[in-house]
Amino acid sequence: MANFFTEKLRPALLTLLSLGVGYLFLCVSTAVLYTVWFSQENHAYTSQFLAFAAICGLLFTTVSGYLAALVAQRKPVLHASLFAAMLTALYALPILLVGTLESSLVLILNVAIAISGAMIGGWLRYWQIHKYPFCDLSENPQLSTES
Numbered sequence: 078m079a080n081f082f083t084e085k086l087r088p089a090l091l092t093l094l095s096l097g098v099g100y101l102f103l104c105v106s107t108a109v110l111y112t113v114w115f116s117q118e119n120h121a122y123t124s125q126f127l128a129f130a131a132i133c134g135l136l137f138t139t140v141s142g143y144l145a146a147l148v149a150q151r152k153p154v155l156h157a158s159l160f161a162a163m164l165t166a167l168y169a170l171p172i173l174l175v176g177t178l179e180s181s182l183v184l185i186l187n188v189a190i191a192i193s194g195a196m197i198g199g200w201l202r203y204w205q206i207h208k209y210p211f212c213d214l215s216e217n218p219q220l221s222t223e224s
């Protein structure tokens, strides 16, 4: 039974956990950004805020993609791609099914930011694994159990 868990079930659970951790970080950081910005009485949606939010969104999705690749402990670019696909579906599906007041350009911008950031994060994790092999938790069981 333990062999089944380590060979079959553990990688699938790590994949699901990695997607959840990446999405949780993205949601919390975005919520904090908007909460801090709108906590002031005179703050509103301005073009400056939207540009700042886009830059922060790129940063947040980069960190989320990195975290998704890190938690998965294997194939960082694949897991970043899965995370980017999940974000694309989560952004696009409700808007396509229900409709929205936002323009389609905002949707395209959000999807482009999500895909770009997630893939940058996955490539950063890939680079880290290959530049510093001791950072790869999947091939060194002693490191993965201690962390």
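Residue 219 in this note's numbering sits at position 142 of the sequence shown, with consecutive numbering throughout.
Glycine included, C-beta positions come from ideal geometry on N, C-alpha and C.
Measure the Cβ-Cβ separation of Arg202 and Tyr143 and say whether it is below 8 Å. The residue you call residue 202 lines up with position 125 of the sequence shown. The residue you call residue 143 lines up with position 66 of the sequence shown. Cβ distance < 8 Å, so Arg202 and Tyr143 count as in contact.
Rounding to the nearest angstrom, what Cα-Cα distance links Asn187 and Ala131 in this structure? For this step, residue 187 is matched to residue 110 along the sequence shown. For this step, residue 131 is matched to residue 54 along the sequence shown. Near 8 Å, if we compare the C-alpha coordinates of Ala131 and Asn187.
Where does Ala195 land, buried or exposed, given buried means 16+ other C-beta within 10 angstroms? Counted from its first residue, the sequence shown places residue 195 at position 118. So Ala195 ends up on the buried side.
Please state the DSSP three-state secondary structure of Glu118. Residue mapping note: residue 118 aligns to position 41 of the sequence shown, counting from 1. Coil at Glu118, not helix or strand.
Would you kindly work out how many angstroms separate the C-alpha atoms of Ile197 and Trp204, rounded to a whole number? Locating residue 197 in the sequence shown gives position 120, where the first residue counts as 1. Locating residue 204 in the sequence shown gives position 127, where the first residue counts as 1. Straight-line Cα distance between these residues: approximately 10 Å.
Tell whether a beta-carbon distance below 8 Å holds between Ala169 and Leu184. Your numbering for residue 169 matches position 92 in the sequence shown. Your numbering for residue 184 matches position 107 in the sequence shown. Their beta carbons are under 8 Å apart, which means Ala169 touches Leu184 by this criterion.
Residue burial classification, Glu84 (beta-carbon count within 10 angstroms, cutoff 16): The residue labelled residue 84 in the question sits at position 7 within the sequence shown. Label assigned to Glu84: exposed.
Let's test the definition: count the other Cβ atoms within 10 Å of the Cβ of Gln150 and tell me whether it reaches 16, buried, or not, exposed. The residue you call residue 150 lines up with position 73 of the sequence shown. By the neighbour-count rule (16 or more Cβ atoms within 10 Å), Gln150 is buried.
When DSSP labels each residue in this structure, what does Gln205 get in the three-state scheme? Counting from 1 along the sequence shown, the entry for residue 205 is found at position 128. Helix.
For Ser224, which of helix, strand or coil comes out of DSSP? Stepping through the sequence shown from its first residue, residue 224 is reached at position 147. Its pLDDT being 36, under 50, Ser224 is placed unreliably in this model, and the coordinates cannot settle the point.
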